[in-house]
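Peer 1:
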Amino acid sequence: MANSRSRIVCQFSCGAASAVATKLALADYSATHDVQILNAYLVNEHADSLRFLADCEAWFEQPVTVLRDEKYGADIIEVFRRERFIKKQYGASCTQLLKRRLLDIWKLPGDVMVFGYTAEEADRLEDFRERNPDRPVIAPL
């Protein structure tokens, strides 16, 4: 899946599944690739997420790059208020505007994305692959 010139970009959500997927990606690719770990910060996340992020940085032995939306203040309520809808055909407006847009700006051609989709979320992985046939993705769980 990944060639030695591509970056491995782990999308770390401060959840257990993305933490394990990130740890597996680091174990599999850190010797041969530039492995980056990204988090799209939301002010509405549980306060313990920041503690978990710090714990995971120690476990990963690598920092997490935290991206933060400025237009909406990283606030899902502000997105709902200004965009006047919560969810459309391809997902929640807050996911698109507060996470995907930031990650799309940050990514480089050839990046291989790592997601913490579990076996129960196989449909989400398939949806992502259908919508993004040009974006390689690894879902180790």
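Per this note's numbering, the sequence shown runs over residues 17 to 157. C-beta: ideal position from N, C-alpha, C; glycine also. Note that the coordinates shown come from a computational prediction; the quantities given were computed from them, not determined experimentally.
(1) Does the separation of the CB atoms of Asp-85 and Leu-118 fall below 9 angstroms?
(2) Grab the span of the alpha helix (DSSP H) containing Arg-67 for me, first residue to last.
(3) Take the Cβ of His-49 as the centre, count every other Cβ of all protein chains shown within 10 Å, and call the residue buried at 16 or more, exposed below.
(4) Taking only the alpha-carbon atoms, compute the straight-line gap between Leu-40 and Leu-157 and give it to the nearest angstrom.
(5) Please classify Asp-127 as buried or exposed, where buried requires at least 16 other C-beta atoms within 10 Å of its C-beta.
(6) Excluding the 5 residues preceding and the 5 following Arg-23 in the sequence, name in chain order all residues of the same chain whose CB lies nearer than 8 angstroms to its CB.
Peer 2: Here's the rundown:
(1) yes
(2) 64-76
(3) buried
(4) 9 angstroms
(5) buried
(6) His-49, Asp-50, Val-51, Gln-52, Leu-124, Gly-126, Asp-127 and Val-128
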